[in-house]
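Peer 1: This is the structure, below, for whatever I ask next.
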Amino acid sequence: MRGESELVMKNISLTIDGKKIRAHEGDKLLWAALENRIYIPNLCAIQEKMQPTASCRLCFVEVEGEDEPVIACTEPVKEGMVVNTRGKNALRLARTSAELLVASHPVDCAHCLKNRFCELQKIVKHLGIKLKTKRFRRLERNLPIDESSPLFIYDPNKCVLCGKCVWVCQEKLGVGAIGFTRRGFKRMVSTFQDKPLGESACGQCAECVKVCPVGSLTFKDKNLPSQKVSE
Amino acid sequence: MKFQEIANQARIRWQEIWNDQVPVILVGTATCGRAAGALEVLQAIRDTVIKQNLNCLIYEVGCMGHCYAEPLVILRKPGFPSICYGRVNPVLAENLINNFILSDDPCLEFVLGALEENDLIPSFSDFPRSKYEKRILLKNCGHINPEEIEHYIANGGYESLSKALQMKSEDIISEVKRSKLRGLGGAGFPTGEKWDICRHSEGELKYLICNGDEGDPGAFMDRAILESDPHSVIEGMVIAGYAIGARHGYIYVRAEYPLAVQRVQNALLQAEKYKFLGENILGSDFSFDVKLFQGSGAFVCGEETALIASIEGKPGIPRYRPPYPALQGLFGKPTLINNVKTLAYIPHIIKNGADWFLQMGTERSKGTAVFALAGKVVNTGLVEVPMGTTLRQLIFQVGGGITKGKRFKAVQIGGPSGGCLPESALDLPIDFESLQQRGAMMGSGGMVVLDEDDCMVEVARYFLDFTQKESCGKCTLCRLGTKQMLDILEDISKGHGKMEDLETLEELAEDIKQGSLCGLGRTAPNPVLTTLRYFREEYEAHIKEGRCPALMCQTLIAYYILPEKCARGCDACVGTCTVEAISTDKKRRIKVIDQEKCVKCNTCLSACPPQYDAVIRLSPPDKVPKAGFTPTLTLPRRGGGNL
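Order-wise, the sequence lines are chains A and B.
My numbering applies: residue 6 is where the first sequence begins, and numbers increase by one.
My numbering applies: residue 4 is where the second sequence begins, and numbers increase by one.
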């Protein structure tokens, strides 16, 4: 569908939070909003990826005429569409997802290398939730931290399973050193046979570190910039 | 060879089997039969036949649906009706041959029923349940040998394929559309619409997948059909393939169904030999092949996008839809996915026409539904009833009511995605809409009956534990949300729950239902939501009083021996106690359980002879009277009740 729209490149207009914006037909709502400096929380979205992952369940928005909130990363923009990113129902779902993530994410932010550059921190602020959620219990995984790579540290406990590192490693670069393993609550990013990264097929290109939105993958050298947070 | 000739030959041979003067012995060897010992029975029959030097035919057949009475053996002797015997063991099998086949005593005391009406013994059609049953998909099950394609052909098999190949594909689709057949995998999407979308989607190469990844605890309809009548599914697939213009098909069967895998594999080979599959089917221009694909034990692979990923060799993880598989499915090509039962229905609709199908069922759900009755119901097994039959008819008339004369409490419909419906819902006519309205769903057809001894908190916890483990973990709400819910339920069943937990459970359940990526997450909270809706007082009893009303949650119960009922000289409980927690109080000459040592394993309760019935369960545990004090308690019935 996108292929066709790129050929035609028809411009359409829509309204998000009262602001009139223009977008290309076939574009996904999330990117149209972000390009127009309207923030919608997201962790797993990758613009280059044809098929949205749609797994973080954070980018809920309300569209006029729809009964239920929709996911902005999968929703194509339409002419005359009226979108509300701050609707009650959309925020309720996004907050639940964010709170669930925070409840199983170590919140020792002060000592995290990603402090102030962390996407999850930003989302928490944006959605107005607390780092210490009362509604849910803390579910920590207590997995060993992998420091075997000469360049970076992998802390699976901080991972939000957005899949950006896996996408870069497998799809974009074709390396395939890391992937998802296990299922349910135990799902994690790991290497073949769970070997430490330093002993795996990983070529230390560290592209994964650059896309990690949280403090799960961080450079050992503090002068090297970890991923910049989107504005 | 023309189809008509093949069919005639098969019919003649089939007639010969039944009209000949040679006795015929059918043994039900589907998985349910095997679990009950059918293979040993089969061996005993073979041995006896050899020993007695008998001339007779022995066939293995599939499941008749009367799983409660397995192993089943059908004996057909000239001059007698075909008689079905239930709960046959090897000794009985030998006796049946000696007494019935060799002499003329049909051993009436072991008869379950006759297959056809006669004046000697009651037939299955005389059973009260037959008034409610309508066997279409299950018609052949248990009556033909699933490994003999000729048995299927002789019973009208592949006739519809031959008819369909003479029809235009759009006419087939419009017939299916007109029949209003809906997907029997659970969601109930109109089958004809799906076919139409797939037929009109662009691309030369199209695929067809039969979804046989039946993973719900307590559901075994697809297994029974694949094991007992695999050709009906294959025939449906070829017709569907012809209608949408597919070239390749897959049957996705769980590897945990080894017999189904074996019988489908065998059926595929036979169908190829008879030119019902492969190049130029029955001499037409249409070519279609079917491969069997074995799933490796992930519940989530029943979700169509996960199933497709699994065939592609990727991890079985759902993806976002659209694009729907009908437009972009297997290897990126348009793909039609239908459930086993949906496809098995196709030959019947082509043969009898849409009008025939429209006569059955309710306004919006036509035809019949197959259910797997399990749990605390007398006649566990497979039943097929027209849509619109009430739950009460299904459970009490067809299912024979609740075991051990207990009271009905709830019925869990649709497996981990479905819900628990209470007594007040029993008069609900079953169809896709009515169940959904009450918070349950048709699902693929698993129906677990629960009685007064089942704790609804525990039932909800059990199903959530299942979905939690089977969640692929891709999306946040399902991965972490169901885990939070499970932890809360575990706390409640241990008596650590708080009233606010119920609110959190409800909020979380609604959010997971609304916001999850795939069907697994979107339906996972149903067991919790329905038990909260219909059995809230049970949750409250756990939280407020630390009491499990069904006396099931281990932490919240204690075992106690009633002094006035305890037979002083009997030592049954003392002997069976695994942790030596029961001793004799010499002064009062009664048995006493040391609550500190007791591990609540229930063996003393089962060991206490029924005439004494002295061991009871109490909840909360502090109801156990202190030593030296003889309480006055109203006595509950054995194992049940609540003090």
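Heads up, the beta-carbon is just placed ideally off N, CA and C, and yes, glycines get one too.
1) For G23(A), which three-state DSSP category applies?
2) On the CB-based measure, 16 or more other CB atoms within 10 Å of its CB, does E548(B) come out buried or exposed?
3) Rounded to whole angstroms, what's the CA-CA distance from E69(A) to S313(B)? Just pull it up for me.
4) Closest to P530(B) by C-alpha separation, out of H351(B), Q557(B), K516(B), would be which residue?
5) If the cut is a Cβ gap below 8 Å, which residues of chain B does E73(A) touch?
6) Taking its Cβ as the centre, do 16 or more other Cβ atoms sit within 10 Å of F334(B), making it buried, or is it exposed?
7) Mind checking the region 482-495 of chain B against chain A and listing, in chain order, the residues whose C-beta falls within less than 7 Å of any C-beta there?
8) Taking a Cβ distance cut-off of 8 Å, strictly less, list which residues of the region 453-477 of chain B are near chain A, in chain order.
9) Using a Cβ-Cβ cut-off of less than 9 Å, give me the residues of the region 130-156 of chain A that come near chain B, in sequence order.
10) By the three-class DSSP mapping on this structure, what secondary structure does M193(A) have?
11) Taking the beta carbon of A115(A) as the centre, do at least 16 other beta carbons fall within 10 Å, making it buried, or is it exposed?
12) Is DSSP giving A77(A) helix, strand or coil here?
13) On the CB-based measure, 16 or more other CB atoms within 10 Å of its CB, does M86(A) come out buried or exposed?
14) Against chain B, with Cβ distances strictly below 9 Å, would C213(A) count as a contact?
15) Cβ of C170(A) less than 9 Å from any chain B Cβ?
16) Using 10 angstroms around the beta-carbon of E510(B), count the other beta-carbons present and answer buried if the total reaches 16, otherwise exposed.
17) At least one CB of chain A closer than 9 Å to the CB of V30(B): is that the case?
18) Quick check on T393(B) - is its C-beta less than 9 Å from some C-beta in chain A?
19) Which residues mark the beginning and the end of the beta strand (DSSP E) in which L431(B) is found?
20) Provide the residue(s) that pair with G562(B) in DSSP beta bridges, ordered along the chain.
21) Could you have a look at N11(B) and say whether DSSP puts it in helix, strand or coil?
22) Given V418(B), which residues of its chain have a CB within under 6 Å of its CB, disregarding the five upstream and five downstream residues?
23) What residues in its chain sit with their C-beta under 6 Å from that of N645(B), if we drop five residues either side in the sequence?
24) Tell me which residue opens and which closes the beta strand (DSSP E) that E67(A) is part of.
25) Would you list, in chain order, the members of the region 181-192 of chain A that have their beta-carbon closer than 8 Å to a beta-carbon of chain B?
26) Less than 9 Å between CB atoms is the rule here; does P639(B) satisfy it with respect to chain A?
27) Going along chain A in order, which residues have a C-beta closer than 7 Å to the C-beta of L385(B)?
28) Verify the CB distance criterion: does D50(B) have a CB-CB separation below 9 Å to chain A?
29) Please list, in chain order, the chain A residues whose beta carbon lies closer than 9 Å to that of P125(B).
30) Applying the criterion that 16 or more other CB atoms from any shown protein chain within 10 Å of the CB defines a buried residue, is T344(B) buried or exposed?
31) Quick check: what's the CA-CA separation for D107(B) versus K137(B)?
32) Counting only beta-carbon atoms, is N120(A) nearer than 9 Å to chain B?
33) Take K486(B) and list the residues in its own chain whose beta-carbon comes closer than 7 Å to its own, dropping the five residues that flank it on each side.
34) Using a Cβ-Cβ cut-off of 8 Å (strictly less than) and excluding sequence neighbours within five positions of G248(B), which residues of its own chain qualify?
35) How is the beta strand (DSSP E) around M488(B) delimited, first residue to last?
36) In chain order, what residues of the same chain have a beta carbon less than 6 Å from the beta carbon of A544(B), not counting five sequence neighbours either side?
Peer 2: So, from the listed chains and residues:
1) If DSSP states are grouped into helix, strand and coil, G23(A) belongs with coil.
2) Its Cβ having fewer than 16 others within 10 Å, E548(B) is exposed.
3) Going by the C-alpha atoms only, they are around 37 Å apart.
4) For P530(B), the nearest C-alpha among the options comes from K516(B).
5) Against chain B, a Cβ distance below 8 Å from E73(A) picks out Q517.
6) Flag for F334(B) reads exposed.
7) Residues passing the 7 Å Cβ filter: R482, L483, G484, K486, Q487, D490.
8) Answer in chain order: Q471, K472, E473, S474, C475, G476, K477.
9) Against chain B - using a Cβ distance shorter than 9 Å - the residues of the region 130-156 of chain A are R140, F141, R142, L144.
10) The three-state secondary structure of M193(A), taken from DSSP, is strand.
11) Per the 10 Å Cβ criterion, exposed.
12) Coil, per DSSP.
13) Around the beta-carbon of M86(A), 16 or more other beta-carbon atoms lie within 10 Å, marking it buried.
14) Not flagged as an interface residue toward chain B: C213(A), since no C-beta distance is shorter than 9 Å.
15) False, the Cβ-Cβ gap to chain B never drops below 9 Å.
16) It is exposed - the Cβ of E510(B) has fewer than 16 other Cβ atoms within 10 Å.
17) For V30(B), the nearest beta carbon of chain A is not closer than 9 Å to its own beta carbon.
18) T393(B) does not count as touching chain A.
19) Premise fails: L431(B) is in no beta strand (DSSP E) and is neither H nor E.
20) Just to set this straight, residue 562(B) is Tyr in the shown sequence, not Gly. Partner residues in the beta bridge of Y562(B), as assigned by DSSP, are R620(B).
21) In this structure, N11(B) counts as helix in the three-state DSSP scheme.
22) Checking the sequence, you will find Gly at residue 418(B) rather than Val. D219, A222, G446, G449, listed in sequence order.
23) Its pLDDT being 43, under 50, N645(B) is placed unreliably in this model, and the coordinates cannot settle the point.
24) Its beta strand (DSSP E) spans residues 65-68.
25) When C-beta distances to chain B are compared with 8 Å, the residues of the region 181-192 of chain A below that value are F185, R187, R188, G189, F190, K191, R192, in chain order.
26) Note that P639(B) has pLDDT 49, beneath the 50 cutoff, so the model's placement of it is unreliable and no number is given.
27) Ordered by position in chain A, no residue passes the 7 Å Cβ test against L385(B), which lies about 31 Å from the chain.
28) With respect to chain A, the C-beta atom of D50(B) has no partner C-beta closer than 9 Å.
29) Result: empty, since nearest Cβ-Cβ is about 50 Å, beyond 9 Å.
30) According to the sequence shown, residue 344(B) is Lys rather than Thr. Counting Cβ neighbours within 10 Å, K344(B) comes out buried, since at least 16 surround it.
31) Cα to Cα, D107(B) sits roughly 33 Å from K137(B).
32) Chain B contact via Cβ: absent.
33) Excluding positions up to five away in sequence, the list reads Q471.
34) Correct list, in chain order: S172, R202, K209.
35) For M488(B), there is no enclosing beta strand (DSSP E); the residue is part of the alpha helix (DSSP H) that begins and ends at 485-496.
36) Excluding residues within five positions, the ones whose Cβ falls inside 6 Å are R550, P552.
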